[in-house]
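J.: Going line by line, the protein sequences match chains A and B.
Position one of the first sequence corresponds to residue 29 (the numbering used here), numbered consecutively onward.
Position one of the second sequence corresponds to residue 29 (the numbering used here), numbered consecutively onward.
Protein chains: 2
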Amino acid sequence: MAVTIRQVAQAAGVSVSTVSRAFTAPDQVQPQTLRRIRDAAAQLGYTPNPAARSLRGGKTESLGLIIPDIANPFFPPIMKAMQARARRLGYTVLAADTDERESDELETIAAVSKRVDGMILWASTLAEDRLAELAATMPVVLVNRHVPGIPEVHISLTAGISQAAEHLKAYGHSRCVFVNGSRPELSRGKSIKEAFEAHGLSLVEFGPYEPRFETGVHAATLVTSSGATAVLAHNDLVALGVLHQLAKLGVSVPGDVSVIGIDDTLLAETSTPSLTTIRISAEELATQATDLLLDTIAERGGGRVVEIGSRLIPRSSTGPVRH
Amino acid sequence: MAVTIRQVAQAAGVSVSTVSRAFTAPDQVQPQTLRRIRDAAAQLGYTPNPAARSLRGGKTESLGLIIPDIANPFFPPIMKAMQARARRLGYTVLAADTDERESDELETIAAVSKRVDGMILWASTLAEDRLAELAATMPVVLVNRHVPGIPEVHISLTAGISQAAEHLKAYGHSRCVFVNGSRPELSRGKSIKEAFEAHGLSLVEFGPYEPRFETGVHAATLVTSSGATAVLAHNDLVALGVLHQLAKLGVSVPGDVSVIGIDDTLLAETSTPSLTTIRISAEELATQATDLLLDTIAERGGGRVVEIGSRLIPRSSTGPVRH
DNA sequence: ACGGTTCCCGGGAACGTTTGCGAGCATCCT
DNA sequence: AGGATGCTCGCAAACGTTCCCGGGAACCGT
Numbered sequence: 029m030a031v032t033i034r035q036v037a038q039a040a041g042v043s044v045s046t047v048s049r050a051f052t053a054p055d056q057v058q059p060q061t062l063r064r065i066r067d068a069a070a071q072l073g074y075t076p077n078p079a080a081r082s083l084r085g086g087k088t089e090s091l092g093l094i095i096p097d098i099a100n101p102f103f104p105p106i107m108k109a110m111q112a113r114a115r116r117l118g119y120t121v122l123a124a125d126t127d128e129r130e131s132d133e134l135e136t137i138a139a140v141s142k143r144v145d146g147m148i149l150w151a152s153t154l155a156e157d158r159l160a161e162l163a164a165t166m167p168v169v170l171v172n173r174h175v176p177g178i179p180e181v182h183i184s185l186t187a188g189i190s191q192a193a194e195h196l197k198a199y200g201h202s203r204c205v206f207v208n209g210s211r212p213e214l215s216r217g218k219s220i221k222e223a224f225e226a227h228g229l230s231l232v233e234f235g236p237y238e239p240r241f242e243t244g245v246h247a248a249t250l251v252t253s254s255g256a257t258a259v260l261a262h263n264d265l266v267a268l269g270v271l272h273q274l275a276k277l278g279v280s281v282p283g284d285v286s287v288i289g290i291d292d293t294l295l296a297e298t299s300t301p302s303l304t305t306i307r308i309s310a311e312e313l314a315t316q317a318t319d320l321l322l323d324t325i326a327e328r329g330g331g332r333v334v335e336i337g338s339r340l341i342p343r344s345s346t347g348p349v350r351h
Numbered sequence: 029m030a031v032t033i034r035q036v037a038q039a040a041g042v043s044v045s046t047v048s049r050a051f052t053a054p055d056q057v058q059p060q061t062l063r064r065i066r067d068a069a070a071q072l073g074y075t076p077n078p079a080a081r082s083l084r085g086g087k088t089e090s091l092g093l094i095i096p097d098i099a100n101p102f103f104p105p106i107m108k109a110m111q112a113r114a115r116r117l118g119y120t121v122l123a124a125d126t127d128e129r130e131s132d133e134l135e136t137i138a139a140v141s142k143r144v145d146g147m148i149l150w151a152s153t154l155a156e157d158r159l160a161e162l163a164a165t166m167p168v169v170l171v172n173r174h175v176p177g178i179p180e181v182h183i184s185l186t187a188g189i190s191q192a193a194e195h196l197k198a199y200g201h202s203r204c205v206f207v208n209g210s211r212p213e214l215s216r217g218k219s220i221k222e223a224f225e226a227h228g229l230s231l232v233e234f235g236p237y238e239p240r241f242e243t244g245v246h247a248a249t250l251v252t253s254s255g256a257t258a259v260l261a262h263n264d265l266v267a268l269g270v271l272h273q274l275a276k277l278g279v280s281v282p283g284d285v286s287v288i289g290i291d292d293t294l295l296a297e298t299s300t301p302s303l304t305t306i307r308i309s310a311e312e313l314a315t316q317a318t319d320l321l322l323d324t325i326a327e328r329g330g331g332r333v334v335e336i337g338s339r340l341i342p343r344s345s346t347g348p349v350r351h
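1. Serine 202 (chain A) versus chain B: which residues are under 9 angstroms apart at the beta carbon?
2. Taking a cut of 7 angstroms between CB atoms, which residues from the segment 111 to 129 of chain B lie near chain A?
3. Measure the C-alpha to C-alpha separation of histidine 195 (chain A) and threonine 293 (chain A) and round it to an integer number of angstroms.
4. Can you find the residues in the same chain that come closer than 7 angstroms, C-beta to C-beta, to serine 254 (chain A), ignoring five residues on each side of it along the sequence?
5. Between the Cα of proline 301 (chain A) and the Cα atoms of B:Leu277, B:Thr305, B:Leu320 and B:Ile290, which residue gives the shortest distance?
6. Count the other CB atoms, across all protein chains shown, that sit within 10 Å of the CB of glycine 244 (chain B); report buried if there are 16 or more and exposed otherwise.
7. In the structure shown, what three-state DSSP assignment does isoleucine 33 (chain B) receive?
8. State the Cα-Cα distance for the pair glycine 235 (chain A) and arginine 66 (chain B), rounded to the nearest angstrom.
9. Within 9 angstroms of any Cβ in chain B, is that where the Cβ of alanine 296 (chain A) sits?
10. I'd like to know whether the C-beta atoms of valine 333 (chain B) and glutamate 161 (chain B) end up nearer to each other than 9 angstroms.
11. Here's a check: name, in chain order, each residue in its chain whose Cβ is nearer than 6 angstroms to the Cβ of alanine 223 (chain A), leaving out the five neighbours to either side.
12. What in chain A is Cβ-close to histidine 174 (chain B), meaning under 8 angstroms?
13. When burial is assigned at 16 or more other CB atoms within 10 Å of the CB, is arginine 143 (chain A) buried or exposed?
14. Taking the alpha-carbon positions, what's the valine 168 (chain B) to threonine 136 (chain B) distance?
15. To the nearest angstrom, how far is it from the Cα of valine 285 (chain A) to the Cα of glycine 331 (chain B)?
16. Counting contacts by CB-CB distance shorter than 9 angstroms, is aspartate 97 (chain B) in contact with chain A?
17. Determine whether the Cβ of histidine 262 (chain A) lies closer than 9 angstroms to any Cβ atom of chain B.
18. Determine the closest residue to threonine 346 (chain A) out of A:Glu297, A:Ala258 and A:Ile306, with distance taken between C-alpha atoms.
19. Just list the alpha helix (DSSP H) runs in the segment 246 to 333 of chain B, keeping only unbroken ones of 4 residues or longer that don't cross its boundaries, in chain order.
20. Straight-line CA distance for glycine 269 (chain A) to alanine 70 (chain A)?
21. Can you name the start and end residues of the beta strand (DSSP E) that threonine 120 (chain B) belongs to?
22. Do valine 175 (chain B) and leucine 185 (chain B) come within 9 angstroms of each other at the CB atom, strictly closer than that value?
23. In chain A, what lies closer than 7 angstroms to leucine 107 (chain B) by C-beta?
24. If I follow the unbroken alpha helix (DSSP H) through valine 57 (chain B), where does it start and stop?
25. DSSP has methionine 147 (chain B) in a bridge; who is on the other side?
26. Which residues does DSSP list as the beta-bridge partners of serine 230 (chain B)?
27. For aspartate 264 (chain A), which of A:Leu274, A:Ala247 and A:Ile290 has the nearest alpha-carbon?
28. Please name the residue or residues paired with glutamate 180 (chain A) in a DSSP beta bridge.
29. Can you tell which of A:Ser48, A:Ala68, A:Ile288 and A:Met147 has its C-alpha closest to the C-alpha of asparagine 77 (chain A)?
30. Which same chain residues, not among the five before or five after phenylalanine 103 (chain A), have their C-beta less than 6 angstroms away from its C-beta?
31. With DSSP run on the structure shown, which of helix, strand or coil describes arginine 240 (chain A)?
32. Counting contacts by CB-CB distance shorter than 9 angstroms, is leucine 162 (chain B) in contact with chain A?
33. Does phenylalanine 224 (chain A) come within less than 9 angstroms of chain B when only Cβ atoms are used?
34. Taking 9 angstroms as the threshold (beta carbon to beta carbon), is glycine 269 (chain A) in contact with chain B?
35. If the cut is a Cβ gap below 7 angstroms, which residues of chain A does tyrosine 139 (chain B) touch?
36. Where does threonine 165 (chain B) land, buried or exposed, given buried means 16+ other C-beta within 10 angstroms?
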């Protein structure tokens, strides 16, 4: 049915080897022969069969991306950026989510791993030794997870947190609340606490909870009764829940309470009021992770750890404290 | 490096054919032999090589999904549902977006089509004859696009629109605005106009514009000066823009103006106030499209057109008109 | 007891591509 | 002029799997 290399060879009057070389190593074939082959290929509409190619060469020319939940608005821009990057380099990307269940993650990884040259594992729930043996089998890059010896891109929130503390301090806040989610690097709430206290702000922590909208709704009432004037939420979605419930309770934002999110998803700029948040650049993250994976595949800079920064994006959900 | 069928055969003391049959047609091999093979395979950690399998069989066991923009919050749930459905049937899904540019779409389709058994094309921008010849080459299912002879799932908004009109009528509204986007089935604003007028509501149309947040922001000022008390937006994102700008102008929602979106994305229930919207069930849509594609691949119900309904989800952005 | 089925299993070709090896030929150097 | 070198290209093997075909064994019937 489909047109193969053999038909192109026949049409161009050369052997299959030469046709193959015409595409994979054009400098090894004479210019005029090359032209004849190219013409024939174009006319017949030939495109190489990826299955045959990867069977022979052991390479699939595609990359895997395993994420916890596609529906989380943080991830679509990641996928988009990774696809854009990968396509430019001739790669296809195979994305799959795990629904944050370990059994699904194992199954998904097994299915994906056979069809790609390497994969990015986002916030994997797998045990450390499992990840280590997986990484021994094939190129793997971790995000939001640390296992010694495995290349990783690490999201550093210190800059963003510090800027958030300064921002609140400048507005005259002194009593703050942190609504904790389950994210590994945040569960060490003490680093956040330290950062805030270094700026002379008190910080009490609620949670950890699930990082969902309803969590924010629930946490909002705790916030009002705590007497705090500012709240930092685990992510934008939780912050939006806080915003939503505060409005329902008649608490003015930012008049009575200031709210800060994390991630800077689409939600942040489209909410009412728009949400001050700590931006993690999805583009940079995805690009770095992709490049790191490609390097690992090519056995260039293996085992590297690259760091991604963050910064505060002030919008309308924060303001001066009212006395 | 990887363990092949040959090693399993040797370990189990049988031929490669038998190992192959043990996995693809277990009833054709004796129970005790089957057990021996399974044990050997498990111990060696054998998993079939998809490249070899698809080279030989001509099937890739994966499906393509081509969408305009992953970052549009309407699509992630679609991808998720399609993946869930496909996985249950042993398929992998390859998703890619086109950034709504026709050149990218062609390139993307070319890249994806060689690696899948069939694909779902969402709101394709390709010319009708191009689509027709593509569909002649391989199984294709269209969504949000109609080409005679190509299987399609069609989103019908009539129920939702009609319910929205009733809803507004019951709240005492009479003058409405429709902020039009570019979506094909909506660009025929007259069907919406007719539906509204059938309920005794006047409707003026603004646009068409791009279906973006800023469009809503821009349209909001037009709405206030038009004297209308209700606005139907092209989608949730546009509705959110309207909501945002209205709040900034000091116009109360739903006190002064009621707002209705379309799609029922995550944005709708997390906004403040939460958004009344016309729900299109992503799960149903994705499931139906996937099943239709699978049917087309199997040359069962080809050329079918399946219809997906819609319905109004009343939330807090609509209310009685204030006199 | 013997031809005919049925059931299991092994041999081997085929899927479309890449690639090492070597043949043929022209070019260049001494 | 003759051998060495370099360029272009063809031959054939190999990648891991599926599946057609045929052989042998066991079992049924008469």
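Where a beta carbon is used, it is the ideal one built from N, C-alpha and C, also for glycine.
Since this is a predicted model, take the numbers as computed values, not measurements.
T.: On the basis of the data shown:
1. What you label residue 202 (chain A) is simply residue 174 of the first sequence in a count that begins at 1. Here the premise fails: no neighbours, minimum Cβ distance about 26 angstroms.
2. Gln111, Thr120, Leu122, Ala123, Ala124 and Asp125
3. Within the first sequence, numbered from 1, the residue matching residue 195 (chain A) stands at position 167. Within the first sequence, numbered from 1, the residue matching residue 293 (chain A) stands at position 265. The straight-line gap from Cα to Cα measures roughly 20 angstroms.
4. Mapped onto the first sequence, residue 254 (chain A) falls at position 226. Around serine 254 (chain A): Val205 and Val232.
5. Locating residue 301 (chain A) in the first sequence gives position 273, counting from the first residue. Residue B:Leu277 is the option with its Cα nearest to proline 301 (chain A).
6. Within the second sequence, residue 244 (chain B) is the residue found at index 216, counting from 1. Buried, since its Cβ has 16 or more Cβ neighbours within 10 Å.
7. Indexing the second sequence from 1 puts residue 33 (chain B) at position 5. If DSSP states are grouped into helix, strand and coil, isoleucine 33 (chain B) belongs with the helices.
8. The residue you call residue 235 (chain A) lines up with position 207 of the first sequence. The residue you call residue 66 (chain B) lines up with position 38 of the second sequence. If you take the alpha carbons of glycine 235 (chain A) and arginine 66 (chain B), they lie about 47 angstroms apart.
9. Position 268 of the first sequence, counted from the first residue, corresponds to residue 296 (chain A). For alanine 296 (chain A), the answer is no, since every Cβ of chain B falls outside 9 angstroms of its Cβ.
10. Numbered from 1 along the second sequence, position 305 holds the residue referred to as residue 333 (chain B). Numbered from 1 along the second sequence, position 133 holds the residue referred to as residue 161 (chain B). Taking 9 angstroms as the Cβ cut-off, valine 333 (chain B) and glutamate 161 (chain B) do not qualify as a contacting pair.
11. If you number the first sequence from 1, residue 223 (chain A) lands on position 195. Excluding positions up to five away in sequence, the list reads Ile189, Ser190 and Ala193.
12. Along the second sequence, read from residue 1 onward, the residue named residue 174 (chain B) stands at position 146. None at all; the shortest Cβ gap to chain A is about 27 angstroms.
13. Looking up residue 143 (chain A) in the first sequence gives position 115. Buried.
14. For the purposes of this step, residue 168 (chain B) is taken as the residue at position 140 of the second sequence. For the purposes of this step, residue 136 (chain B) is taken as the residue at position 108 of the second sequence. Distance between the alpha carbons of valine 168 (chain B) and threonine 136 (chain B) is about 15 angstroms.
15. Working through the first sequence from its first residue, we reach residue 285 (chain A) at position 257. Working through the second sequence from its first residue, we reach residue 331 (chain B) at position 303. Cα to Cα, the separation comes out at about 57 angstroms.
16. Taking the first residue of the second sequence as 1, we reach residue 97 (chain B) at position 69. Yes, because at least one Cβ of chain A sits closer than 9 angstroms to the Cβ of aspartate 97 (chain B).
17. As a working note, residue 262 (chain A) is residue 234 in the first sequence. By this cut-off, histidine 262 (chain A) is not an interface position.
18. Indexing the first sequence from 1 puts residue 346 (chain A) at position 318. Comparing Cα-Cα distances from threonine 346 (chain A) to each of A:Glu297, A:Ala258 and A:Ile306, the minimum goes to A:Ala258.
19. 264 to 276, 294 to 298 and 310 to 325
20. For the purposes of this step, residue 269 (chain A) is identified with residue 241 of the first sequence, where counting begins at 1. For the purposes of this step, residue 70 (chain A) is identified with residue 42 of the first sequence, where counting begins at 1. When rounded, the distance between both Cα atoms is 56 angstroms.
21. As a first step, residue 120 (chain B) is located in the second sequence; it is residue number 92 there, counting from the start. 120 to 125 is the extent of the beta strand (DSSP E) around threonine 120 (chain B).
22. On the second sequence, residue 185 (chain B) is found 157 positions in, with the first residue counted as 1. On the second sequence, residue 175 (chain B) is found 147 positions in, with the first residue counted as 1. It is not a contact, given that the beta carbons lie outside the stated cut-off.
23. Taking the first residue of the second sequence as position 1, residue 107 (chain B) is located at position 79. The question names leucine, but residue 107 (chain B) is methionine in the sequence shown. Result: Ile98.
24. In the second sequence, counting from the first residue as 1, residue 57 (chain B) sits at position 29. Element bounds for valine 57 (chain B): n/a, residue is neither H nor E.
25. Working through the second sequence from its first residue, we reach residue 147 (chain B) at position 119. DSSP output for methionine 147 (chain B) lists B:Gly92 and B:Val168 as bridge partner(s).
26. For the purposes of this step, residue 230 (chain B) is taken as residue 202 along the second sequence, with counting starting at 1. Looking at the DSSP assignment, serine 230 (chain B) forms a beta bridge with B:Arg203.
27. Looking up residue 264 (chain A) in the first sequence gives position 236. Nearest option by C-alpha distance: A:Ile290.
28. Position 152 of the first sequence, counting from 1, holds the residue named residue 180 (chain A). Paired residues: A:Leu170 and A:Val333.
29. Along the first sequence, read from residue 1 onward, the residue named residue 77 (chain A) stands at position 49. Residue A:Ser48 is the option with its Cα nearest to asparagine 77 (chain A).
30. In the first sequence, residue 103 (chain A) corresponds to position 75, counting from 1. For phenylalanine 103 (chain A), where only same-chain residues beyond five positions count, the Cβ hits under 6 angstroms are Ile95.
31. To locate residue 240 (chain A), count along the first sequence from 1; it is residue 212. Of the three classes helix, strand and coil, the one that applies to arginine 240 (chain A) here is coil, per DSSP.
32. In the second sequence, counting from the first residue as 1, residue 162 (chain B) sits at position 134. For leucine 162 (chain B), the answer is no, since every Cβ of chain A falls outside 9 angstroms of its Cβ.
33. Within the first sequence, residue 224 (chain A) is the residue found at index 196, counting from 1. So, not an interface residue.
34. Your numbering for residue 269 (chain A) matches position 241 in the first sequence. Closer than 9 angstroms: yes.
35. If you number the second sequence from 1, residue 139 (chain B) lands on position 111. It should be noted that the sequence gives alanine, not tyrosine, for residue 139 (chain B). In chain order: Thr120.
36. Here residue 165 (chain B) refers to the residue found at position 137 when the second sequence is read from its first residue. Exposed, by the Cβ-count rule.
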